[in-house]
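In terms of my numbering, the sequence shown opens at residue 18 and continues consecutively.
Here's the structure we're looking at; comments come further down.
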Amino acid sequence: MNFPKTMSSWRKMFNFKLKTHLVFGAATSEQLGKILTELGYRKVGIILDRGIVAHPQTRKALESIKAAQVAYQTFENDAIEPDYDFLEAFKKPFLNQGFECLV
């Protein structure tokens, strides 16, 4: 990975912190919309592995988000364990979208 050589170049970089919030257990995907609203999120990006897009639990999670009136956009990817090169290319749809959270 090539790091920027000047401070102004650093400001143009895509930067993120990983602040994770894990919830697990029976039927928790059906509560995703409620969880997002309780955390104050109104616009989220949903990243889905193509292998789970059609899964019933995924559908239940998206229905929960919609019922909670949280705006969302889904992004499908082919990488199960993405590397940095993949993330570099995949970040473009997220820039300037105003997402408050990525799921």
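Virtual Cβ for every residue (Gly too), placed ideally from N, Cα, C.
Length of the line joining the Cα atoms of Ala88 and Arg59: 6 Å
Terminal residues of the alpha helix (DSSP H) in which Gln74 lies: Pro73 to Ala84
Got a sec, what are the start and stop residues for the alpha helix (DSSP H) Thr37 sits in? Note, Thr37: premise wrong, no alpha helix (DSSP H); not H, not E.
Distance, Cα to Cα, Glu98 vs Gln86? 30 Å
Does the distance from the CB of Leu56 to the CB of Ala78 come in under 9 Å? no
With distances taken from CA atoms, which of Glu93, Ile82, Leu39 and Ser81 is nearest Glu71? A small fix is needed here, since residue 71 is Ala in this sequence, not Glu. It is Glu93 whose Cα lies nearest to the Cα of Ala71.
Can you give the Cα-Cα distance for Glu105 and Asp95, rounded to whole angstroms? 14 Å
For Val87, list the residues DSSP reports as bridge partners. Val87 is not bridged to any residue.
Taking the alpha-carbon positions, what's the Leu119 to Gly62 distance? 5 Å
Quick one: is Ile69 buried, meaning 16 or more other Cβ sit within 10 Å of its Cβ, or exposed? exposed
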